[in-house]
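Numbered according to numbering that gives the first Met the number 0, the sequence shown spans residues 0 to 523. What follows is a set of notes on a single structure, which appears directly below.
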Amino acid sequence: MPTHRIHFSSATLLLLVLMTFMACAPKKPAVSMDLAQESIIPVPVSVSATNSSFELTDASDIYVQTGSEELVKIGQYLADKLNPSTGFSFSVKPSTANPGDGNIYLSIKEDAELGDEGYELNITAESVHLQANAPAGLFRGIQTIRQLLPANVESSSKQAGPWLMASGTIRDMPTYAYRGAMFDVARHFFSVDDVKRYIDLIAAYKMNGMHLHLSDDQGWRIEIKSWPKLAEYGGKTQVGGGKGGYYTQEQYKDIVRYAQDRYITIIPEIDMPGHTNSALAAYPELNCDGKPRELYSGTEVGFSTLCTKNEVTYKFIDDVVKELAAITPGPYIHIGGDESHVTKKEDYIPFVNRVQDIVLSHGKQVIGWDEIALGTLKKNVFVQHWADEDNARNAVKQGSKVLMSPARKAYTDMQYDSTTQWGLHWAAYIEVDSAYIWDPATLIPGLGPKDVLGIEAPLWSETVDNIEEVEYMVFPRLPGYAEIGWSAASARSWDAYKQRLAAHGPRLTAMGVNFYKSKLVDWK
Ligand code: TNX
């Protein structure tokens, strides 16, 4: 009898061991993949491969650290990206620890080196664990997760798997605090959906700023309740004489929220004292002669100016900045200041000085185009370099940091070459290599890395009037600008970058992006 009992126990034990083994082990052996060979843009700070892989399946879920609504929202963003193409139905669940077992887990860890936007991503055959010091870092890390999955994960319709990711660890953080794009919605007006689309595209490359050029000679694009004719009349046209348009404050707030959910700061610009014809047409008292200007739909620059000697001008600016500051949670208001060719220098300088005070009085920090360095810059003013290197050096001498948007390198309205259908070429033809091969820290003699706030790629819209044309001018140069802003200069090389960019071709296609298929890139 005793022998019998022992026998029975061993069988049970064997069965138990077998069952445990089957439950814990991956269903099939993990495919060997090399994380170091993946085409991540911007290139991460450090990648260490373990030559295995993780498979996202129908049984996977997205878990976030218990107790944070913000993390749930970030998890949901990832779920919304993955669900349409995988055809799975990821939901977001709370967990106090990495649940392993085929799941994705997002959590916060104290890690000062990662800063606000850095992240650490650990991928094993069992789980994907994304950690960051702050929520923005998780959001940036999610963009890396997207890029580690097959390109068709970006599709809006169901695609065939398998959904494999190479295993290993990535630690990553940005070089520059600010990396952004500018959208000129004044020369041609673009819908709220167009702006959101552009925001989504820059978010995919870890950018964190969207500068909206909200007013220019051809149109005023933001509702100002105390000066209603600015938008209602000043917004009535655009280049070429189309019907123009403007954002109500509610629509603007919607854009701001959409950007915030992607950890992107909206920087609103009201350009002055030049580039103001639309305001001068709406309110005659803003002109020195008190006479209204005609609405303008051409493409000349530098012919308009606010009357800098008139008190009503400063009342106008104060009202506009006050309303804009109230609906802008970001820290900056951009005051333009470029190409004021018909404003005398002796009028321009006191004007710029006074407008800085107005912005500061409404609790915001000033950004302006490089000409504002001709004035006396207040503390913490950022100067956006586009043309004049002396202005940039002058800004630094005054203690300001420079935002780098050199027209000959970073203007996405510049044509790729002489055959490009849209765009201008007054600064340069900018092929994809030229857009990539430069360093914001050394481009201007006399400036160093500490003088640079970051990089921004402006898209002026004189020649483009729909989002497909915008995409064509912006892509594929934008991933390069994102990399210049994020990755260390020492980690960048055109030869390596163009291989990675080639692999982003199918990804951009899956996103529905209309991009320029430069011959310099061997598109996959
Ligand atoms: C210069 S850049 C401008 C814009 C034009 C752009 C066209 C800058 C500060 N001013 O007004 O739209 O060139 O490329």
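Yeah, the Cβ is synthetic: ideal placement off N, Cα and C, and Gly gets one too.
- Minimum Cα-Cα distance from S296 among the listed residues F315, G239 and D317 corresponds to G239.
- Q414 is the residue among N465, I144, Q414 and G99 whose C-alpha sits nearest the C-alpha of A427.
- Straight across, the Cα-Cα distance linking A180 with L458 is about 7 Å.
- Of the heavy atoms belonging to the ligand TNX, none sits nearer than 7 Å to the Cβ of A372.
- DSSP places E345 in the uninterrupted alpha helix (DSSP H) bounded by K344 to S360.
- Shortest gap from the CB of V300 to any heavy atom of the ligand TNX: under 7 Å.
- Its Cα nearest to that of S155, the residue M510 stands out among M510, W522, I454 and V520.
- Distance between Q397 and V451, taken at the CA atoms: about 14 Å.
- Nearest in C-alpha terms to D494, of all of D521, G367, G422 and L120, is D521.
- A Cβ-Cβ distance of about 7 Å is found for the pair L477 and I201, placing them in contact under the 8 Å criterion.
- Within the same chain, Cβ atoms closer than 7 Å to the Cβ of G243 are found at F188, G218, G234, K235, T236 and Q237, the five residues on either side in sequence being excluded.
- N102 and S59 have their C-alpha atoms some 5 Å from each other.
- Pairing S360 with K518, the inter-Cα distance amounts to about 51 Å.
- By the beta-carbon neighbour count (other beta carbons within 10 angstroms, threshold 16), D171 is buried.
- Taking 3 residues as the minimum length, the beta strand (DSSP E) runs contained wholly in the stretch 93-143 are 102-107, 118-122 and 126-131, in order along the chain.
- Annotation note: the stretch 266-295 contains the following uninterrupted alpha helix (DSSP H) runs of length 4 or greater, listed N- to C-terminal: 276-281.
- If you draw a straight line from the Cα of I429 to the Cα of Y435, it comes to about 9 Å.
- Remark: the C-beta of Y62 is outside contact range of the ligand TNX, defined as less than 7 Å to any heavy atom.
- Beta-bridge partners assigned by DSSP to T49: none are found.
- Distance between L323 and K378, taken at the CA atoms: about 21 Å.
- Using a C-beta cut-off of 8 Å, the stretch 65-83 makes no contact with the stretch 32-50, since fewer than three inter-stretch Cβ pairs fall below that distance.
- For P478, the enclosing alpha helix (DSSP H) covers residues R476 to W485.
- Shown here, M472 sits in a helix according to DSSP, grouped into three states.
- At least one heavy atom of the ligand TNX sits closer than 7 Å to the Cβ of A406.
- Closest in C-alpha terms to I316, from the list P328, G329, Q146 and H333, comes H333.
- With distances taken between CA atoms, G335 lies nearest to T275 out of T143, K224 and T275.
- Sixteen is the threshold: when 16 or more other Cβ atoms of the shown chains lie within 10 Å of the Cβ of E153, as they do, the residue is buried.
- Relative to the ligand TNX, the beta carbon of L423 is positioned inside 7 Å of a heavy atom.
- Taking C-alpha positions only, K516 is separated from I483 by approximately 21 Å.
- In this structure, the C-beta of Y410 approaches the ligand TNX to less than 7 Å from one of its heavy atoms.
- Taking the Cβ of D183 as the reference point, at least one heavy atom of the ligand TNX falls within a distance shorter than 7 Å.
- Taking 7 Å as the cut-off, the C-beta of E268 does not count as close to any heavy atom of the ligand TNX.
- Rounded to whole angstroms, L229 and R353 show a C-alpha spacing of 22 Å.
- Rounded to whole angstroms, the gap between the alpha carbons of V320 and I357 is 8 Å.
- If you check the CB distance, I73 and L105 come in under 8 Å.
- Taking 8 Å as the cut-off, the beta carbon of M206 is found closer than this to the beta carbon of I263.
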